[in-house]
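Enquirer: Numbering (my numbering), first residue to last: 1 to 120.
Spelled out as structure tokens, the structure:
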């Protein structure tokens, strides 16, 4: 069973069985019915973070959630007009990459909007 499929309650018992009750790795595996590698990984994580789950998320947070993306999709007139008037079918990702290549990025649009707000 993969390590993320094991409940955190079960993982929390591993350091207790090892450090408080003094059981060996083999005994912990027999008592909890888990693999030896999971015991070693959990103990290593517990020694490093004082927790049995790694709650750090990797990568950059998305600035748009699914609701915002669906709103953009539903209001993307350029995408539908290309299909209706030019008979060109493209993916939204292609459209966004093209807009970025033309210099129409969220960063530039935000800067222009901020400048307009400062003028008022």
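Every residue, glycine too, gets a C-beta built ideally from N, C-alpha and C.
It should be emphasised that the depicted structure is a prediction, and the values quoted were computed from it without experimental measurement.
Please say whether residue 53 and residue 8 have beta carbons closer to each other than 7 Å?
Expert: Annotated as proximal: residue 8 and residue 53, with beta-carbon spacing under 7 Å.
Enquirer: Could you name the residues of the same chain whose beta carbon sits closer than 7 Å to that of residue 39, not counting the 5 residues immediately before and after it, in chain order?
Expert: 14, 25, 28 and 29
Enquirer: Which value, in whole angstroms, describes the spacing of the CA atoms of residue 41 and residue 23?
Expert: Spanning the two alpha carbons is a distance of roughly 16 Å.
Enquirer: Only counting the same chain, and skipping five residues up and downstream in sequence, which positions put a Cβ closer than 8 Å to that of residue 51?
Expert: 45
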